[in-house]
Amino acid sequence: MNQSIFGIALFSAATAAVATLLALPVAVGLGWLLSRRSFPGKSLVETVVSLPLVLPPVAVGLLMLQLLGRERPLGRLLDAVGIDVVFTWKAVVLAMTVMSLPLMVMTIRAGFEHVNRRFEAMAATLGASPLRVFWTITLPLARQSVVAGALLGFARALGEFGATIVVAGGIPGQSQTLAVAIFNLTEAGRESDANTLMFVSIAVAFAVLATASAVQRQGRRT
Amino acid sequence: MIALEFDVHVRQDEFTLHLHDCADVQVLGLVGPSGAGKTTLLEAIAGLRAATGVIRVGGRTLLDTPASVDVPSRMRRVGYVPQDSLLFPHLTVRGNLAYGARDAARVEAVAEMLEVASVLDRAASVLSGGERQRVALGRALAAAPDLLLLDEPLGALDPARRDRILPYVLRARQALGVAMVWVTHDLDELTHAADRALVVDRGSVVYAGPVDGALPLLGRDRSR
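Line order of the protein sequences matches chains B and D. Residue numbers for the first sequence follow my numbering, so the first one is 2 and each next one is one higher. Residue numbers for the second sequence follow my numbering, so the first one is 6 and each next one is one higher.
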């Protein structure tokens with residue numbers, strides 16, 4: 002069981018890392034857009050981005066299942082090109098990405114809003130294009146929030162359960178994450194193994210949140 | 006000398022600013038009480054604030070609302086040195102100077118001229134007030150602007166530091182021949198640096214002409 006616990010923890014960490022890497026550029030783009038631009042439909046974008054925070058995760062999972070099921074257009078399209086998503090590790094990553102995105106966007110957006118826009122104006126007077134201003138001024142000055150957002154997103158992905166179990170099934174050896182394994186082991190009456198995984202989860206979450214908090218504190222000081 | 010022409014309107018909270026002038030200037034001293042619209046005018050010239058009207062620098066049109074011309078800030082070739090320097094805190098002094106520089110040689114030349122060559126690899130965030138203003142001036146000069154806007158560049162410094170920095174600005178004007186619009190409250194700065202004065206109050210031009218002619222308006226006898 003020890004190796005299995007290690008395997009489950011490793012699988013969870015790997016899928017959470019991939020989900021974080023997938024969500025990060027989207028979160029940075031949305032965070033910048035929402036903090037720096039006014040456009041028609043901005044409130045709608047804000048609401049849609051925040052939906053996974055307030056919807057029951059199981060409902061989000063069900064929505065993804067209905068979008069990606071083989072009998073659905075998107076699912077049929079993916080099936081036609083040989084991509085099987087539902088009940089695989091890809092569904093785990095997808096569920097984690099969707100569920101962690103709002104937290105990442107909120108953290109990163111707050112970081113961009115904290116950057117003094119006069120620095121950006123100054124860079125523009127020095128001939129910098131908007132893209133260069135973003136890469137060389139805005140993003141570096143908001144870097145602590147970006148890192149903190151990624152860490153919080155990773156922690157959220159690691160703890161994801163509701164959407165994952167619906168869209169990925171939590172199949173042992175195929176799509177079973179830490180959170181799902183705790184549920185499965187508890188259901189099977191293997192309390193000791195469930196407790197071990199619970200402590201692993203607590204330790205990892207504690208470490209990630211402490212790091213995110215330290216990074217944000219450092220950002221406020223600089 | 007550069008031909009500087011502006012006739013701009015900027016809507017503000019309390020009044021609509023309307024400032025105009027047209028003259029060949031080396032250094033235009035811009036003076037007036039707080040809230041008169043000095044910084045607003047600089048921001049309009051730099052393209053950092055929405056304005057209507059006409060702005061031409063050296064015959065080049067930066068803004069001409071009737072003709073639908075509004076050159077973006079990054080293409081105006083107008084440098085800006087704010088009172089609080091606004092050095093990029095995550096970059097070194099060299100990184101700040103090089104940010105808009107045409108080439109490395111100009112960075113070195115500006116650093117030598119402003120005597121900041123010894124702190125080039127230092128973080129911008131650890132500089133003293135005087136060093137910060139010299140680097141801010143150097144950063145704008147390294148980009149080789151047609152016009153340099155100085156918004157009370159010495160205003161945040163104590164009188165002793167101000168007296169030490171003023172010669173650097175004058176040296177930059179002399180060596181690089183760049184035209185300047187210099188906002189100041191200090192009449193000594195005005196008389197030392199400017200060859201033309203523009204006195205503004207509540208968004209309107211009260212006086213435009215030789216510096217000497219502005220002094221009585223500003224409460225100083227021209228014989229001093």
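Ideal Cβ placement from N, Cα and C applies to all residues, glycine included.
Between the options, which has its C-alpha nearest residue i's C-alpha?
i      : options                        : result
D:L146 : D:Y104, D:E157, D:R127         : D:Y104
D:A55  : D:V62, D:G63, D:D75, D:P150    : D:D75
D:V216 : D:V204, D:G208, D:V210         : D:V204
B:A111 : B:I6, B:L186, B:G32, B:F184    : B:G32
B:V50  : B:R71, B:G30, B:V59, B:V106    : B:V106
D:V188 : D:R16, D:L22, D:L33, D:A28     : D:L33
D:A8   : D:D18, D:L24, D:V30            : D:V30
B:F113 : B:F12, B:A169, B:S13, B:R144   : B:R144
B:P57  : B:R119, B:T178, B:V167, B:A182 : B:V167
D:A28  : D:L47, D:Q17, D:V62            : D:V62
D:D193 : D:G182, D:R176, D:A213, D:P164 : D:P164
D:R79  : B:M65, B:L54, B:M123           : B:M123
D:R16  : D:S209, D:S90, D:E120          : D:S209
D:Y5   : D:V121, D:G214, D:H190, D:D200 : Lying before the first or after the last residue shown, residue 5 of chain D is absent from chain D, which here runs from 6 to 229.
B:L52  : B:V99, B:F184, B:L140, B:A14   : B:V99
B:N117 : B:L11, B:R37, B:I9             : B:R37
D:H25  : D:G218, D:A202, D:G224         : D:A202
D:V140 : D:D89, D:D69, D:H23, D:L220    : D:D89
So for residue i, helix, strand or coil by DSSP?
i      : result
B:M107 : helix
D:H197 : helix
D:G40  : coil
D:L67  : strand
B:V61  : helix
D:D18  : coil
D:R167 : helix
B:T126 : helix
D:R61  : strand
B:A206 : helix
D:E173 : One point to set straight first is that residue 173 of chain D is Tyr, not Glu, in the sequence displayed. Of the three classes helix, strand and coil, the one that applies to D:Y173 here is helix, per DSSP.
D:A12  : Inspection of the sequence shows that residue 12 of chain D is occupied by Asp rather than by Ala. In the structure shown, D:D12 sits in a strand (DSSP, three-state: E or B).
D:A109 : helix
D:H95  : coil
B:I6   : helix
D:I7   : strand
D:G34  : strand
Ordered along the chain, which non-local residues of its own chain (more than five positions away) have a Cβ less than 6 Å from that of residue i?
i      : result
B:A149 : T108, A213, V216, Q217
B:L152 : V209, T212, A213
D:L159 : R167, I170
B:G174 : none
D:R230 : The first residue shown for chain D is 6 and the last is 229, placing residue 230 of chain D beyond what the model contains.
D:L142 : V86
B:M2   : Any reading at B:M2 must be qualified, since the residue scores a pLDDT of 43, below 50, and its modelled position is unreliable; the value itself is stated next. So the qualifying residues of the chain are D194.
Could you tell me if residue i is buried or exposed, where buried requires 16 or more neighbouring beta carbons within 10 angstroms of its beta carbon?
i      : result
B:T126 : buried
D:A116 : buried
B:P26  : exposed
D:D108 : exposed
B:P74  : exposed
D:F11  : buried
D:R81  : buried
D:A72  : exposed
B:R119 : exposed
D:E157 : buried
D:A41  : buried
B:S204 : Just to set this straight, residue 204 of chain B is Ala in the shown sequence, not Ser. Exposed, since its Cβ has fewer than 16 Cβ neighbours within 10 Å.
D:M6   : exposed
B:F7   : exposed
B:Q219 : exposed
D:R229 : With a pLDDT of 42 at D:R229, under the threshold of 50, the predicted position of this residue should be treated as unreliable, though the coordinate-derived value follows. Per the 10 Å Cβ criterion, exposed.
Closer than 8 Å by C-beta to residue i: which residues in its own chain qualify, once you throw out the five before and the five after it? Chain order, please.
i      : result
D:G135 : L162, R166, R169, I170
D:L2   : The structure shown does not extend to residue 2 of chain D, since chain D is modelled only from 6 to 229, so the question has no answer here.
D:Q64  : Looking at the sequence shown, residue 64 of chain D is not Gln but Gly. Same-chain partners within the cutoff: A8.
B:A206 : A156, L159, G160
D:R178 : Q31, V32, M185, A198
D:V211 : G37, V204, V205, L222
D:V83  : I50, A51, G52, V62, L67, P150, D151, L152, L153, L154
B:V94  : T16, V19, A20, L23
D:L175 : H197, A198
With a CB to CB cut of under 7 Å and the five nearest residues on each side skipped, what residues in its chain are close to residue i?
i      : result
D:P94  : A129, S130
B:A131 : The question names Ala, yet the displayed sequence has Pro at residue 131 of chain B. Once the five neighbours on either side are set aside, B:P131 has no close Cβ partner at all.
D:A180 : M118
Any heavy atom of the ligand ZN closer than 8 Å to the Cβ of residue i?
i      : result
D:V204 : Because no ligand of any kind appears in the structure shown, any question about the ligand ZN cannot be addressed here.
When Cβ atoms are compared, which residues of the segment 135 to 151 of chain B fall closer than 7 Å to chain D? I138, P141, L142
Give the residues from the segment 57 to 91 of chain D that approach chain B closer than 9 Å (Cβ to any Cβ), ordered along the chain. P77, S78, R79, M80, R81, R82, V83, G84, Y85, P87, D89, L91
When Cβ atoms are compared, which residues of the segment 97 to 114 of chain D fall closer than 7 Å to chain B? Y104, G105
Near-chain D residues of the segment 181 to 195 of chain B - C-beta to any C-beta below 8 Å: Identification of residues in the segment 181 to 195 of chain B having a C-beta nearer than 8 Å to some C-beta of chain D yields an empty set.
Chain D contacts made by the segment 110 to 122 of chain B, where a contact means CB separation under 7 Å: R119, F120, A122
The segment 43 to 57 of chain D: positions lying closer than 9 Å to chain B by Cβ: Result list: E48, A51, G52, L53.
Proximal residues, the segment 162 to 185 of chain D versus chain B, C-beta separation under 9 Å: none
Residues of the segment 118 to 136 of chain D with a CB closer than 7 Å to any CB of chain B: list them in chain order, please. none
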